[in-house]
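Q:
There are 2 protein chains.
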Amino acid sequence: MINKIASYIDKVVKLTDEEKELFCSCFKEVKIKKRQFIVQPNFVARHRHYVLNGAFRAYVVAGEGQDHTITFAIEDWWITDYNSYIFQQPATMFVVALEDSIILQLDYEKEQELKMQSHKFETFFRIVAERGLAFQQRRIISNLTHTAEERYENFVSKYPLIVKRVPQYALASYLGMTTEFLSRIRNKRVSKKS
Amino acid sequence: MINKIASYIDKVVKLTDEEKELFCSCFKEVKIKKRQFIVQPNFVARHRHYVLNGAFRAYVVAGEGQDHTITFAIEDWWITDYNSYIFQQPATMFVVALEDSIILQLDYEKEQELKMQSHKFETFFRIVAERGLAFQQRRIISNLTHTAEERYENFVSKYPLIVKRVPQYALASYLGMTTEFLSRIRNKRVSKKS
DNA sequence: CAAATTTCCTAAACTACTTCATTTTTAATC
DNA sequence: GATTAAAAATGAAGTAGTTTAGGAAATTTG
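First to last, the sequence lines map onto chains A and B.
With this note's numbering, the residue at position 7 of the first sequence is 7, and numbering never jumps.
To convert a position in the second sequence, counted from 1, into this note's numbering, add 1000.
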C-alpha cells in the first residue's frame, strides 16, 4: 500500500492526482526484519524512512558502551539520522527495527529533485521540518523541567501505544534514566494503584 | 543596516536584487532595551526575530519558579518561541534581552506571504528549519550522553562568545544544572590549571 | 518444546548533583 | 559615587538517580 504516503502528504499540502503519483513513485517499499539496521554510524544516511508498519529505534552508543535512544518511530512517523541525512555526512546513530517492519524509503537525491520540481513539495518538507523542530523543542523543555518520574508519566499519557511496543531499556534510555530506575518507577506506580 | 539580512539569506539561497529588496522590506528594525521581553507566555508569538546586535535568552518558568533556559541568540541568530510562532498558539516561553539590542522582526503573516510568493523563500525557511532541527538533535544527544562537566566543556569550546556574554545562572539552566554546581565546575577548572 | 538469549526485577551501596543558608563580589541605580 | 540590588562563590547536608550483581521472567530460535 504505497498509496498510504499519498494520503499522508495530502493532509499537509493538497496535491493533484498527477502530483500524488509523482510523489509516490519516488518511494521504495522495503521489508525490514526485526533487529535489522537501516542506518549505521560512519555510513551516510542515504534515506529518509516512512514507517508503514512496524517500529524502529534510533540510538547512539556513548563512550562506555551504554546506548541512548534518540527517537522512536511507529506507523506514520519518519525516521533517520537527520544530521547525517540533511548534510549528507557520516551518521553517528544506529536505526534498528524493533519488529518486522515495512517502510517507504525516499532517497536524498530524489528528495532534492522533488523539492526543486515543485513548490508544493518544498512546502511539504518545510512543514515536516518545522513540526520536527517544535517536537524536539518540547522534548528539550520536558527534559530540563521534569523529574525522571514525571517524564515517564508524561510519555505514557502522550504515547501509550509506543510504551506497549518498545522494550523497557530502550524507553528508559530515551527518557534519560537507567532501566533499573524505570523499573522502580513502574513498580512504585503499581503498588500505589492497588 | 537592514541589508545585513540580505547577505544572510544570500548565503542560503541565491536571490536576485529585486528578491532581496522584497525580502528585506518585510522586516522591521526594532531597538530592544536590556531586560525587555519580546515574547511572553500566554501571548501568541507574532514574530520571528533576527538578532542584528545584542543577546537574548529564551526560557520557561517551571512549577517551583526556577527557570530553564531553552536557547540563547546573539548576532545572526534567529529567536522566538517556535511552538507558538509556527502554530500561532499561546507561548509558553519568555524571550528577554540580555543586553541593549537591535533586531529585525518578521511577522507571521508576512512570512506566509513570502513563502507563497516564491519557491526560493520557501526553500530558505525549509533550510532554516532543517538546520534548527539538526541543531536540537545534537543538543538532545549531548544532554543524554554527557555529564554536567562535559556539557559545560563542550559548550565553552563551541560557543566561547556566548559564554562570555550570558550570566552564569542562565548558562547553568541551559546546560541542565544549578548555578551553584556550575560555579563549582568552573572553580575546579581554574585550580586544575594553576 | 527445550535451550539459549534477551529482557526485567530487586536491593544495597554509591555518587553526581541539588538544596539551603551565608558571605563575597559585581553590577545597576539614583 | 554611595546605596541597593543582583549575581556568584562556598560549605554542609540531603536526595534523585546510578552502579553492581544476582536471579526470575519472558522471548527467540533451533
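Even glycine gets a Cβ: it sits at the ideal position worked out from N, Cα and C.
Just so it is clear, the structure is predicted and the values come from calculations on it, not from any experiment.
Thinking C-beta only, is alanine 1172(B) closer than 8 Å to leucine 1161(B)?
A: In this structure, alanine 1172(B) does not lie closer than 8 Å to leucine 1161(B) by Cβ.
Q: Using 8 Å as the threshold, is the segment 98-109 of chain A in touch with the segment 41-54 of chain A, meaning 3 or more CB pairs across them?
A: Cβ pair count under 8 Å is three or more, so yes.
Q: Could you check which residue in Asp81(A), Trp77(A) and Ser84(A) has the C-alpha nearest to that of serine 101(A)?
A: The shortest C-alpha separation from serine 101(A) is found at Trp77(A).
Q: Do isoleucine 1009(B) and phenylalanine 1027(B) have their CB atoms nearer than 8 Å?
A: In this structure, phenylalanine 1027(B) does not lie closer than 8 Å to isoleucine 1009(B) by Cβ.
Q: Going along the chain, which residues of the segment 46-63 of chain A sit with their C-beta nearer than 7 Å to a C-beta in chain B?
A: For the segment 46-63 of chain A, which is checked against every Cβ of chain B, the residues closer than 7 Å are Val60 and Ala62.
Q: Strictly below 7 Å CB to CB, what residues from chain A border phenylalanine 1125(B)?
A: Simply Arg126.
Q: Comparing C-alpha positions only, which one of Gly63(A), Val61(A), Leu175(A) and Phe37(A) sits nearest to threonine 80(A)?
A: When each option's Cα is compared against that of threonine 80(A), the closest is Phe37(A).
Q: Out of Glu1150(B), Met1177(B), Arg1186(B) and Phe1121(B), point me to the one whose CA is closest to glutamate 1021(B)'s CA.
A: Looking at the Cα atoms, Phe1121(B) is the closest of the given residues.
Q: Should glutamine 168(A) be flagged as near chain B, meaning a C-beta pair shorter than 8 Å?
A: False, the Cβ-Cβ gap to chain B never drops below 8 Å.
Q: Short check: CB of isoleucine 74(A) to CB of arginine 165(A), under 8 Å?
A: Contact: yes.
Q: Which complete beta strand (DSSP E) runs does the segment 1001-1081 of chain B hold, if anything under 3 residues is left out?
A: The qualifying runs are 1027-1032, 1037-1039, 1047-1053, 1056-1061 and 1067-1073.
Q: Can a CB atom of chain B be found closer than 8 Å to the CB of serine 191(A)?
A: With a pLDDT of 49 at serine 191(A), under the threshold of 50, the modelled position of that residue is not reliable, and the figure given next carries that caveat. No, its Cβ sits nowhere closer than 8 Å to a Cβ of chain B.
Q: Strictly under 8 Å for the Cβ-Cβ distance: is leucine 1161(B) near chain A by that measure?
A: No - not a single Cβ of chain A is within 8 Å of the one on leucine 1161(B).
Q: Mind checking glycine 65(A): buried by the 16 CB within 10 Å criterion, or exposed?
A: So glycine 65(A) ends up on the exposed side.
Q: Which residue wins for smallest C-alpha separation from glutamine 1137(B), given the options Phe56(A), Thr69(A), Lys11(A) and Ile32(A)?
A: Closest by alpha carbon: Thr69(A).
Q: Give the straight-line distance between the Cα atoms of alanine 1148(B) and isoleucine 1185(B), rounded to the nearest whole angstrom.
A: Taking the straight line from one Cα to the other gives about 9 Å.
Q: Is the CB of glycine 1176(B) under 8 Å away from at least one CB in chain A?
A: Answer yes: the Cβ-Cβ gap between glycine 1176(B) and chain A drops below 8 Å somewhere.
Q: Does DSSP put alanine 1097(B) in a helix, a strand or coil?
A: Residue state, collapsed to three classes: strand.
Q: Going along the chain, which unbroken runs of the beta strand (DSSP E) with 3 or more residues stay wholly within the segment 79-159 of chain A?
A: The qualifying runs are 94-97 and 101-107.
Q: Return the chain-ordered list of same chain residues with a C-beta closer than 7 Å to the C-beta of tyrosine 152(A), the five sequence neighbours on each side being excluded.
A: Here the set comprises Leu175, Leu182 and Ile185.
Q: Distance check for proline 1167(B) and threonine 1032(B), CA to CA, integer angstroms please.
A: A small fix is needed here, since residue 1032(B) is isoleucine in this sequence, not threonine. Spanning the two alpha carbons is a distance of roughly 18 Å.
Q: For the segment 125-147 of chain A, enumerate the residues whose C-beta is nearer than 7 Å to any C-beta of chain B, in chain order.
A: Going along the segment 125-147 of chain A in chain order, one finds Phe125, Arg126, Ala129, Glu130, Gly132, Leu133, Ala134, Gln136, Gln137, Arg138, Arg139, Ile140, Ile141, Asn143, Leu144 and Thr145 with a Cβ nearer than 7 Å to chain B.
Q: Starting from the beta carbon of asparagine 1154(B), find every residue of chain A whose beta carbon is closer than 7 Å, and list them in chain order.
A: Simply none; closest approach about 13 Å.
Q: Here's the rule: buried if 16 or more other CB atoms are within 10 angstroms of the residue's CB, otherwise exposed. What is methionine 1116(B)?
A: The residue is exposed, with fewer than 16 neighbouring Cβ atoms inside 10 Å.
Q: Going by the CB atoms, is the gap between glutamate 99(A) and alanine 45(A) shorter than 8 Å?
A: No, Cβ-Cβ distance for alanine 45(A) and glutamate 99(A) is not below 8 Å.
Q: Would you mind working out which of Val1013(B), Gln1040(B) and Ala1129(B) sits nearest isoleucine 1086(B), comparing C-alpha positions?
A: Out of Val1013(B), Gln1040(B) and Ala1129(B), Ala1129(B) has the C-alpha closest to the C-alpha of isoleucine 1086(B).
Q: Consult DSSP for threonine 1178(B) and reduce its assignment to one of helix, strand or coil.
A: Coil, per DSSP.
Q: Return the residue from the list Met1093(B), Gln1088(B) and Ala1097(B) that minimises the CA-CA distance to glutamate 1109(B).
A: Measuring from the Cα of glutamate 1109(B), the nearest candidate turns out to be Gln1088(B).
Q: Have a look at serine 1157(B) and asparagine 3(A) and give me their C-alpha separation to the nearest angstrom.
A: Those two C-alpha atoms are separated by around 47 Å.
Q: In chain A, what lies closer than 8 Å to isoleucine 1070(B) by C-beta?
A: By Cβ distance, chain A contributes Gln137, Ile140, Ile141 and Leu144.
Q: When the Cα atoms are used, what is the spatial distance from leucine 144(A) to alanine 1170(B)?
A: Spanning the two alpha carbons is a distance of roughly 13 Å.
Q: Give the secondary structure of serine 1183(B) by DSSP, where H, G and I count as helix, E and B as strand, and everything else as coil.
A: The answer is helix: DSSP assigns serine 1183(B) an H, G or I state.
Q: Exposed or buried, arginine 126(A), counting other C-beta atoms within 10 Å across all chains shown (16 or more means buried)?
A: Flag for arginine 126(A) reads buried.
Q: Are the C-beta of tyrosine 8(A) and some C-beta of chain B separated by less than 8 Å?
A: No, its Cβ sits nowhere closer than 8 Å to a Cβ of chain B.
Q: When you compare only the Cα positions, how much space is there between threonine 178(A) and aspartate 67(A)?
A: Threonine 178(A) and aspartate 67(A): Cα-Cα distance of roughly 10 Å.
Q: Going by alpha carbons, who is nearest to alanine 58(A) out of Ala97(A), Pro90(A) and Gln112(A)?
A: Answer by Cα proximity: Ala97(A).
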